[in-house]
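Undergrad: One structure, as structure tokens, below. Some questions next.
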Amino acid sequence: MKTGKHQNKMPVPRPSALILLYPGFNTLDINGPSEIFYNTGITTTLTAKDDLTTSQEQITIKRTIPLTEAHRRLDEFDLLVIPGSRSLDMTPHNPAILDILSAFSRLPRKTPFSPSSSPSSSPSRINRSNERSILTGANASHLLAEAGLLDGLSATAHRLSLPQLRGAVEGYQERNCDASGTTVLPGRGSSERLLYVDGGVTAEGVRVLTTTGPSGMLDAALYLVMRVLGKAAAEEASVFMGHPWQVEV
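Residue numbers (our numbering): 13 to 261.
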């Protein structure tokens, strides 16, 4: 029997992202990261309670899988993206969002994947991290705080939602006397303008990124690509999209 160097070679798993849709979500919060993931070989799955979900901009999007299936298959995903929305639109869906955030945050680390899924990357440039990551839109960060996923980390939100985020952080600390607290950025009185914040890694090993608006979702998604596939892959995607990527931490 003839054998070749490619025989019996196992297929290389590609990085994967799960995006949660709910009525009234911000369209750019999912379209921006989806475009970046597509251009860098990261597979994207859309999940929602209903087959069709309409955004706050009145754009209707079809889900890939039901929310119940997403829960069953949650351990398949490396990245979880929660888009933002106006607070009043988001509130009715908070329990479903909190459920999937909490479940994802408890998953074990993934096996590091090969750089071969991104043609623009070389092994020397790959961060073979086995972290899972959560990326949230501007008005979703307070849910992370309520779930305790920001304890000991840094976070941001839309400038109009910073008081809500601080309130959620304080509420969690009041309910949990051993909480470490959360650094909310920018600080009170600061004129610093942020797009996103890499808040660090939770005790369970999940990296958490929060944003200040839809444009921040673009830069944060590119930052995640850099961590997963290397800086060259992120820079190539940025140039391809014509987007001036700003690397922040």
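Where is the CB? At the ideal position from N, CA and C, for every residue including glycine.
When the Cα atoms are used, what is the spatial distance from residue 259 to residue 181?
TA: Here residue 259 refers to the residue found at position 247 of the sequence shown. Here residue 181 refers to the residue found at position 169 of the sequence shown. Near 26 Å, if we compare the C-alpha coordinates of residue 181 and residue 259.
Undergrad: Let me know if residue 50 comes out buried or exposed under the rule of 16 or more other beta-carbons within 10 Å of its beta-carbon.
TA: Taking the sequence shown and counting its residues from 1, the one referred to as residue 50 is at position 38. By the neighbour-count definition (other C-beta atoms within 10 Å, threshold 16), residue 50 is an exposed residue.
Undergrad: Which residue wins for smallest C-alpha separation from residue 221, given the options 120, 204, 189 and 113?
TA: Residue 221 sits at position 209 when you count from the first residue of the sequence shown. Closest by alpha carbon: 113.
Undergrad: Taking the C-alpha atoms as reference points, what is the distance between residue 151 and residue 244?
TA: Taking the first residue of the sequence shown as position 1, residue 151 is located at position 139. Taking the first residue of the sequence shown as position 1, residue 244 is located at position 232. So the two alpha carbons sit approximately 30 Å from each other.
Undergrad: For the pair the segment 153-167 and the segment 205-215, tell me if three or more CB-CB distances fall below 8 Å.
TA: Contact holds: three or more Cβ-Cβ distances are below 8 Å.
Undergrad: Below 8 Å on the Cβ atoms is my guess for residue 34 versus residue 83; work out the distance and round it to an integer in Å.
TA: As a working mapping, residue 34 is identified with position 22 in the sequence shown. As a working mapping, residue 83 is identified with position 71 in the sequence shown. With 8 Å as the limit, residue 34 and residue 83 do not qualify as a contact, their Cβ atoms being about 15 Å apart.
Undergrad: Find out if the Cβ-Cβ distance for the pair residue 108, residue 79 is shorter than 8 Å.
TA: The residue you call residue 108 lines up with position 96 of the sequence shown. The residue you call residue 79 lines up with position 67 of the sequence shown. Their beta carbons are under 8 Å apart, which means residue 108 touches residue 79 by this criterion.
Undergrad: Which stretch, first to last residue, makes up the beta strand (DSSP E) that contains residue 32?
TA: As a working mapping, residue 32 is identified with position 20 in the sequence shown. 28-32 is the span of the beta strand (DSSP E), which, as asked, contains residue 32.
Undergrad: Can you tell me which of 216, 153, 195 and 200 puts its alpha carbon nearest to the alpha carbon of residue 225?
TA: Taking the sequence shown and counting its residues from 1, the one referred to as residue 225 is at position 213. Taking only the C-alpha atoms, the option nearest residue 225 is 153.
Undergrad: Among 146, 179 and 185, which residue has its Cα nearest to the Cα of residue 117?
TA: Translated into positions along the sequence shown, residue 117 becomes position 105. Taking only the C-alpha atoms, the option nearest residue 117 is 146.
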